[in-house]
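Q:
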Amino acid sequence: MRPARALFRRVFVINGLVFAAGTLVLAVSPATVSSPVLLTEVPVLIVGLALILGANALLLRRSLAPLDTLTTLMERVDPLRVGDRLTDSGNGDLTHLIETFNGMLDRLEAERSASSAHALAAQEGERRRIARELHDEIGQSLTVVLLSLKHTLGHAPEELRQELLAVQETVRGSLDEVRQVARRLRPGVLEDLGLHSALSALAGDFAEASGVQVTRDIDPEPPGMSGEVELVLYRIAQEGLTNVARHADATRVWLSLRSARDGGLTLRVTDDGRGGARQDGAGVRGMRERALLIGARLTLDSPPGGGTDVRLVVPARAVTDPAERS
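Numbering (this note's numbering), first residue to last: 58 to 383.
1. Just tell me which of ILE71, ASP358, ARG273 has its CA closest to the CA of LEU115.
2. Quick check: what's the CA-CA separation for PRO372 versus LEU290?
3. Which same chain residues end up closer than 7 Å to ARG292 when comparing Cβ atoms and leaving out the 5 residues on each side of it in sequence?
4. Got a sec? Which residues, its chain only, sit under 7 Å from GLY332 by beta carbon, not counting five neighbours each side?
5. Among the candidates PRO93, LEU96, LEU108, ALA264, whose CA atom is the shortest distance from the CA of ALA77?
6. Any contact between the stretch 241 to 258 and the stretch 184 to 204? By contact I mean 3 or more CB pairs, one from each, below 8 Å.
7. Based on DSSP bridge pairs, tell me the residues matched to LEU369.
8. What residue range does the beta strand (DSSP E) around SER316 cover?
9. Quick one: give me the first and last residue of the beta strand (DSSP E) that THR272 is part of.
10. Using the three-state DSSP reduction, which class does THR144 fall into: helix, strand or coil?
11. Below 8 Å on the Cβ atoms is my contact criterion, and I expect LEU206 with VAL224 to pass it. Report the Cβ-Cβ distance as a whole number of Å.
12. Which full runs of the alpha helix (DSSP H) of 4+ residues lie inside the stretch 153 to 216, going along the chain?
13. Determine the burial state of ASP163: buried for a count of at least 16 other Cβ atoms within 10 Å of its Cβ, exposed for fewer.
14. Assuming GLN376 and GLY297 make a contact with CB atoms under 8 Å, what is their CB distance in whole Å?
15. Report the residue ranges of all alpha helix (DSSP H) runs contained in full by the stretch 221 to 277; include only those spanning at least 4 residues, in chain order.
16. Measure from the alpha carbon of GLU287 to the alpha carbon of each residue in VAL238, ASP125, GLY251, then state which is nearest.
17. Which residues in the same chain as LEU355 place their Cβ atom closer than 6 Å to its Cβ, once the five residues preceding and following it in sequence are excluded?
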């Protein structure tokens, strides 16, 4: 039965029962109504009407209560925050409506996850292409310039040597920056040495660039996982550290990756900065989208003045069997 028809039937039956009960009470009670109505009978009529309306309102309120819950859920629903569902409180006529709404949320999350997967895959492909061009083209061109400068220094007059040395140092610095950008775009250490080494290198680069002390607690033997899961963990850790450098004004950061007893994983990026992050920026929404790809849950706790704690919980099924992720 369709929800509208079921709801109409419920309201009709409730009203019918209330009015039938009121009629029955008037029929068996000693109360009588004269024609015309006497003033002494008016209070009896008012009390009877109030009881009927009160009973009708109470029953309808309880019957339609799930609609208020549904409205509240619709106002706060966000495809990036998974698992928020409406529970059936046993109201049979609204069960189909609740199931339909929850099914719509399931489809929205699945479609969002699929579209995010395509977008992030394209993004990673573009990152690899840019990193390759930086390394193979710009990096090699700068290397050629350095070699040419080195050759020129051997034949340059003394009055030009200092200027050429300054230019050489500038080019060498530019070459180092290009290589760092290429490493951030394409974490070759992740592909070559694995997640543990990649996270350690990431923390070391962050500490060197920002001057913020990083305490690492990385499981040396995390459970076997797919390249997609490793990349998501690395990118979320990378974005978390980037946010610390940009916004936290922190003096210390804790980066941890630990295995859970059930076979899952927990990644945390915690700082002692100012906290107070109230809304998800582009970086945090990007982390949530990546978490959806592997069926993980990302939470962010950022009390004012209490630092920020970014936590990614990866369930065991996503770690051990990526093909069964939802």
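Even glycine gets a Cβ: it sits at the ideal position worked out from N, Cα and C.
A: Result, derived from the coordinates:
1. ILE71
2. 13 Å
3. ARG347
4. SER359, PRO360, PRO361, GLY362, GLY363, GLY364, THR365
5. LEU108
6. yes
7. LEU324, LEU355
8. 309 to 316
9. 270 to 275
10. coil
11. 6 Å
12. 196 to 210
13. exposed
14. Correcting the residue type first, residue 376 is Val in the shown sequence and not Gln. Contact doesn't hold; Cβ gap of about 20 Å is too wide.
15. 245 to 250, 252 to 267
16. GLY251
17. MET344, ARG345, ALA348, LEU369
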